[in-house]
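>
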Amino acid sequence: MPATLAKGLIERIGEAGGDAADHTAALQQVMESIDLSNLGAIGHRVVHGGSLFSSATLIDDEVVETIERLVPLAPLHNPAALSGIAVARKLLPDVPQVAVFDTAFHQTIAPEGVTYAIDAGLAADWQIRRYGFHGTSHAYVARETAALLGRPAEEINVITLHLGNGASACAVQGGRSVATSMGMSPQSGLVMGTRSGDIDPTVIFHLHRVAGLPIEEIERSLTRSAGLQGLTGANDMREIQRRRDEGDPAATLAFAVYCRRIKEHVGAYLALLGHTDAITFTAGVGENSPAVRSAALQGLSTLGIEIDEARNNRGDRIVSPDAARVAVCVVPTDEELEIAEETRKALGA
Ligand code: ADP
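When we follow numbering that gives the first Met the number 0, the leftmost residue of the sequence shown carries the number 0, and every step to the right adds one.
Written out as structure tokens, the structure reads:
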């Protein structure tokens with residue numbers, strides 16, 4: 000059994016008042032604070048693997064170059080991963096390093112599930128398609144759900160709902176991703192803390208042409224000032240629930256929009272899968288909010304989906320009644336553990 004020996008967080012790297020001046024200083028802090036004498040490998044989380052990586056990959060110069068080529072697809076995330084990799088390779092040149100991609104798990108989605116119906120030439124030239132994210136979390140949580148139900152992961156279907164600051168849904172058939180809600184970027188699908196999730200793309204043209212906003216301002220608004228934040232001025236679901244309990248109309252609407260979007264995805268994925276054995280909630284909101292779990296799945300008893308409110312409020316691992324056709328589960332995600340497992344597998348260890 001793998002065990003966690005140490006855990007830590009270095010935040011706001013390079014920012015005034017942050018924990019470290021740059022990634023080199025940050026990694027040096029890590030190396031000073033933990034015993035590295037038995038270090039077998041380092042697993043790096045890389046957000047975007049494009050169409051090029053369908054599993055965790057041992058890092059060499061060529062892999063680094065390939066991740067660099069994917070920077071235009073993830074301009075905010077891949078450069079940070081690349082600096083982490085560069086520093087770790089420099090400081091620990093003898094330790095094998097593995098890149099674990101958020102997108103890799105979704106490479107099993109069929110072409111019709113990842114193709115946008117736009118000009119095919121443009122899509123091919125600019126690598127425009129759905130990639131999907133949160134792959135390590137969806138993979139881990141689907142497997143843990145199978146373990147929880149005492150069933151082989153290859154034999155069950157699970158709809159996984161990762162509801163953190165970022166949020167995405169995934170349909171997992173026999174351990175393989177067959178649909179997911181995030182797209183070319185982590186912007187589409189569910190309502191998130193500060194991201195809009197699905198909107199009509201014409202909203203962007205409208206804000207530009209009619210409202211006169213520059214494109215950078217529209218991007219900032221849709222990624223940083225949208226979602227729960229945009230609807231209420233607060234991005235934390237605890238705060239939304241508190242205000243909703245007090246009868247605040249904006250918080251009440253935001254909560255309803257958030258939960259309805261989840262329900263729409265559950266319905267779509269149920270249709271795609273034909274049937275599901277389980278629906279699993281994970282991440283900050285999914286693990287901690289009985290109210291969201293209950294509202295998102297309300298009124299679905301004809302589909303075999305029910306919640307036992309006593310179990311739900313207690314935060315049990317299985318929150319559906321014993322007799323329900325679909326098990327509704329709460330499984331804490333553990334992306335670090337999954338990255339470690341993927342790293343081990345990539346090394347054939
Ligand atoms: P990240 O995506 O950054 O890893 P988390 O998975 O930790 O985020 O989720 C963070 C979010 O979880 C918070 O912004 C908050 O909205 C939500 N959250 C945490 N605890 C609770 C709770 N008890 N009830 C409702 N929401 C919660």
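Where is the CB? At the ideal position from N, CA and C, for every residue including glycine.
Apply the 10 Å Cβ neighbour rule to S319 and answer buried if 16 or more other Cβ atoms are within range, or exposed otherwise.
Burial call: buried.
> Work out the CA separation of R259 and E296 for me, nearest whole Å.
Reading off the sequence shown, one finds Leu at residue 296, where the question assumed Glu. Distance between the alpha carbons of L296 and R259 is about 9 Å.
> Regarding Q106 and ligand 1, is the C-beta to nearest heavy atom distance less than 7 Å?
Because no heavy atom of ligand 1 lies under 7 Å away, the Cβ of Q106 does not count as near it: no.
> Between the Cα of R243 and those of R237, E216 and T251, spot the shortest distance and give me the residue it belongs to.
Of the listed residues, the one whose Cα sits closest to R243 is T251.
> Should M0 be labelled buried (16 or more other beta-carbon atoms within 10 Å of its own) or exposed?
Burial call: exposed.
> Is it buried or exposed for H105, if we count other Cβ within 10 angstroms and need 16 for buried?
Result: buried.
> Distance, Cα to Cα, R11 vs I84?
Distance between the alpha carbons of R11 and I84 is about 18 Å.
> Going by the beta-carbon positions, is the gap between A277 and L148 smaller than 8 Å?
Yes. Within cutoff.
> How big is the Cα-Cα spacing for H205 and G120?
Spanning the two alpha carbons is a distance of roughly 25 Å.
> Could you pull the start and end residues of the beta strand (DSSP E) that Q172 belongs to?
A166 to Q172 is the extent of the beta strand (DSSP E) around Q172.
> The alpha helix (DSSP H) that contains G226, what's its start and end?
Per DSSP, G226 belongs to the alpha helix (DSSP H) from G226 to T231.
> Spell out a yes or no on whether the segment 155-171 and the segment 58-72 are touching, meaning 3 or more CB-CB pairs, one atom from each, closer than 8 Å.
With a cut-off of 8 Å, the segment 58-72 and the segment 155-171 do not count as touching, because too few Cβ pairs lie within range.
> Could you spell out where the alpha helix (DSSP H) holding F254 opens and where it closes?
First-last of the alpha helix (DSSP H) with F254: P248 to L272.
> Does G112 come out as helix, strand or coil in the three-state DSSP assignment?
Here G112 sits in helix by DSSP.
> Below 7 Å, is the gap between the Cβ of Q240 and the nearest heavy atom of ligand 1?
Q240: yes, Cβ under 7 Å from ligand 1.
> Does the segment 338-348 come into contact with the segment 283-303, if we say contact requires no fewer than three beta-carbon pairs (one atom in each stretch) closer than 8 Å?
These segments do not touch.
> When burial is assigned at 16 or more other CB atoms within 10 Å of the CB, is D101 buried or exposed?
D101 is buried by the Cβ-count criterion.
> Ignoring anything shorter than 3 residues or poking outside the segment 81-126, list the beta strand (DSSP E) runs there in chain order.
DSSP runs (the beta strand (DSSP E)) wholly in the segment 81-126: 96-100.
> Report yes if the C-beta distance between Q96 and G49 is below 8 Å; otherwise report no.
For Q96 and G49, no; Cβs fall outside 8 Å.
> How many Å lie between P213 and S220 at the Cα?
If you take the alpha carbons of P213 and S220, they lie about 11 Å apart.
> Quick one: Cα of A40 to Cα of A98, how far?
Using only the alpha carbons, I get a separation of about 11 Å.
> Return the CA-CA distance between R223 and N164, expressed in angstroms with no decimal places.
Approximately 11 Å between the Cα atoms of the pair.
> Measuring alpha carbon to alpha carbon, tell me which of V45, P92 and G314 ends up nearest L38.
Among V45, P92 and G314, the Cα nearest to that of L38 belongs to P92.
> Since I261 and A178 are thought to touch, with beta carbons under 8 Å apart, how far apart are those beta carbons, to the nearest angstrom?
In fact, because the Cβ distance is near 14 Å, the residues do not count as touching under 8 Å.
> In chain order, what residues of the same chain lie with their CB nearer than 8 Å to the CB of Q28, ignoring the 5 residues before and after it?
If we look at Q28 and ignore the five residues flanking it on each side, its Cβ neighbours are I9, D18 and A19.
> Check the C-beta distance from A103 over to A55 and give it rounded, since I have them as a contact under 8 Å.
The pair is a contact, with the Cβ atoms about 7 Å apart (cut-off 8 Å).
> Determine, using beta carbons only, whether A168 and Y268 come nearer to each other than 8 Å.
The answer is yes: Cβ separation under 8 Å.
> Mind pulling the alpha helix (DSSP H) runs of 4 or more residues that sit fully within the segment 23-71?
For the segment 23-71, whole alpha helix (DSSP H) runs of length 4 or above, ordered along the chain, are 60-68.
> Cutting at 6 Å between CB atoms, please list the residues of its own chain near G182, excluding the five before and the five after it.
Around G182: R129.
> Starting from R128, trace the alpha helix (DSSP H) in both directions and tell me its first and last residue.
No alpha helix (DSSP H) contains R128, which DSSP labels as neither H nor E.
> Could you give the DSSP three-state label for I338: helix, strand or coil?
Helix, per DSSP.
> Since E334 contacts T135 with CB under 8 Å, what's their CB separation in whole angstroms?
Confirmed, Cβ separation roughly 5 Å.
> Shortest alpha-carbon distance to R44 belongs to which of P200, L57 and G13?
Out of P200, L57 and G13, L57 has the C-alpha closest to the C-alpha of R44.
> Quick one: does the C-beta of V284 sit closer than 7 Å to a heavy atom of ligand 1?
Yes.
> From P151 to E305, what distance separates their C-alpha atoms?
In a straight line, the C-alpha of P151 is about 23 Å away from that of E305.
> Taking the alpha-carbon of E298 as reference, which of D197, G266, G211 and P78 has the nearest alpha-carbon?
According to the sequence provided, residue 298 is Gly. The question's Glu does not apply to it. Of D197, G266, G211 and P78, the residue nearest in Cα terms is G266.
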